[in-house]
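Under UniProt numbering, think of the first position of the sequence shown as 1, with each following residue one higher.
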Amino acid sequence: MRKVKLHNEMIPSIALGTWSWGTGQGGGDAIFGNYLTAEDVKPVFDSAMKAGLHLWDTATVYGMGASESILGELTKGRDDVLLSTKFNPRVGGPVEDSLNSSLNRLGVDHIYIYWIHNPLDVKRWTPELIPLMKSGKVKYAGVSNHNLEEIKLAQSILAEEGLKISAVQNHYSLLYRSSEEAGIIDYCNENNIVFFSYMVLEQGALTDKYNTKNPLPSGTRRGEAFHEDVLAKLEGLIHVMKEIGSKRNATSAQVAIAWAITKGTLPIIGVTRTSQIADAVKAAEITLTAQEIHDLEAAAKETGIVIKGEWEKAMHESL
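Spelled out as structure tokens, the structure:
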């Protein structure tokens, strides 16, 4: 598995997401139409660990603790897993209380990367990371869904105590390049910050698994966002992805993931099946050419499709 550098440590070039695991408010059933238990995803976890994919991303609000609990059940007794989870300001604090609840569900005494999940009141919540980082409960701090101004503000707050932001996690895909356009990825590269890209596959819409004849699950967030009219407009992009993939014996999903890696980001891939682990392993081996990147981005732009979650803002806007 290809590695990338986080400070002086080498971590996998792909993180695995668990938003789809478990049920409950904001969980896998409501967002994805899935009803996954620890037993369901254990083969996926085992396959990933065997492949060297041991960086796992979750959040308190994924099923309001359900995802964390499942991940904690699977990682119990292991010391070879890197865990990433998040505090959500919309739920409220104190941050330490939220972290302690996450640690309890995950069955660990510290978190590898702990994120502020959205930029609601950066000045209020960012300082609460400081004692957690100094105590060792949080190894690295990250911010998610923050624009450049908010990232710099969080960075300055931590810098006063000799600390720093190590990672940024934003929505980034062929269909949504707001963080690139706003200069966030450049800022991360210049400041030794790893940029984690989520929704690289747009919750399945860029996998070539779904189309107008086989739409995404109805009654779900992704089904509403990628309805049949949107899927029809994506056909040209999917065609280009398939053409590039055919030359490399790769799937459309693998091409989309490889695009995110080639662009210098660390994609978070939601996994519910062992085949998706194979996709991730294959994608990490692909380096797309400048022409292939150009062709993919031109085809994506031609779709005219921009899908933004209700929790998101364009990266040029304040919350």
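Note that the Cβ used here is the ideal one computed from N, Cα and C, for glycine as well.
Since Val-240 and Leu-175 should fall inside the 8 Å C-beta cutoff, what is the C-beta to C-beta distance between them, to a whole number of angstroms? Against the sequence shown, residue 240 aligns to sequence position 240. Against the sequence shown, residue 175 aligns to sequence position 175. So it is not a contact: roughly 13 Å between Cβ atoms.
Between the Cα of Phe-45 and those of Gly-107, Ile-277, Thr-212, spot the shortest distance and give me the residue it belongs to. Walking along the sequence shown from the start, residue 45 turns up at place 45. Considering only alpha carbons, the answer is Ile-277.
Return yes when the Cβ of Thr-58 is within less than 7 Å of the Cβ of Pro-68, no when it is not. Taking the first residue of the sequence shown as 1, we reach residue 68 at position 68. Taking the first residue of the sequence shown as 1, we reach residue 58 at position 58. Strictly speaking, residue 68 in this sequence is Glu, with Pro absent from that position. It is a contact, given that the beta carbons lie within the stated cut-off.
Looking at Asn-118 and Asn-147, is the spacing between their C-beta atoms short of 7 Å? Counting from 1 along the sequence shown, the entry for residue 147 is found at position 147. Counting from 1 along the sequence shown, the entry for residue 118 is found at position 118. Result no, Cβ atoms of Asn-147 and Asn-118 do not sit closer than 7 Å.
Terminal residues of the continuous beta strand (DSSP E) containing Glu-9? Start at 1 with the first residue of the sequence shown, and residue 9 comes out as number 9. 9-12 is the extent of the beta strand (DSSP E) around Glu-9.
Roughly how many whole angstroms lie between the Cα atoms of residue 333 and Asp-279? Coverage of the chain is limited to positions 1 through 319, which leaves residue 333 absent and any answer about it impossible.
Straight-line CA distance for Ile-14 to Lys-50? Numbered from 1 along the sequence shown, position 14 holds the residue referred to as residue 14. Numbered from 1 along the sequence shown, position 50 holds the residue referred to as residue 50. Cα to Cα, Ile-14 sits roughly 14 Å from Lys-50.
Name the DSSP bridge partner or partners of Leu-129? Taking the sequence shown and counting its residues from 1, the one referred to as residue 129 is at position 129. Answer is none; Leu-129 lacks a bridge partner.
Alpha carbons only, please: which of Asp-29, Glu-302, Ile-185, Gly-204 is nearest the one belonging to His-227? As a position in the sequence shown, residue 227 is number 227, starting the count at 1. Of the listed residues, the one whose Cα sits closest to His-227 is Gly-204.
Could you tell me the alpha carbon to alpha carbon distance between Ile-244 and Arg-2, rounded to whole angstroms? Position 244 of the sequence shown, counted from the start, is the residue given in the question as residue 244. Position 2 of the sequence shown, counted from the start, is the residue given in the question as residue 2. The straight-line gap from Cα to Cα measures roughly 21 Å.
Ends of the alpha helix (DSSP H) at His-171? Position 171 of the sequence shown, counted from the first residue, corresponds to residue 171. Looking at the DSSP string, His-171 is not in any alpha helix (DSSP H); the run it does join, the beta strand (DSSP E), is 165-171.
On a Cα-Cα basis, can you pick out the residue from Ile-238, Val-281, Ser-275 that is closest to Ala-258? Taking the sequence shown and counting its residues from 1, the one referred to as residue 258 is at position 258. The residue with the shortest Cα to Cα distance from Ala-258 is Val-281.
Along the chain, where does the alpha helix (DSSP H) containing Ile-151 start, and where does it finish? Within the sequence shown, numbered from 1, the residue matching residue 151 stands at position 151. 148-159 is the extent of the alpha helix (DSSP H) around Ile-151.
Figure out for me which residue from Arg-124, Thr-207, Thr-262 has the closest Cα to the Cα of Leu-158. As a first step, residue 158 must be located in the sequence shown, where it is residue number 158. Of the listed residues, the one whose Cα sits closest to Leu-158 is Arg-124.
Just to confirm, is the Cβ distance from Gly-270 to Gly-17 under 7 Å? In the sequence shown, counting from the first residue as 1, residue 270 sits at position 270. In the sequence shown, counting from the first residue as 1, residue 17 sits at position 17. Yes. Within cutoff.
Decide yes or no for the touch test of the stretch 182-198 against the stretch 158-170: beta carbon pairs closer than 8 Å, at least 3 of them. yes
Thr-262, DSSP secondary structure in three states: By one-based count along the sequence shown, residue 262 stands at place 262. It is helical.
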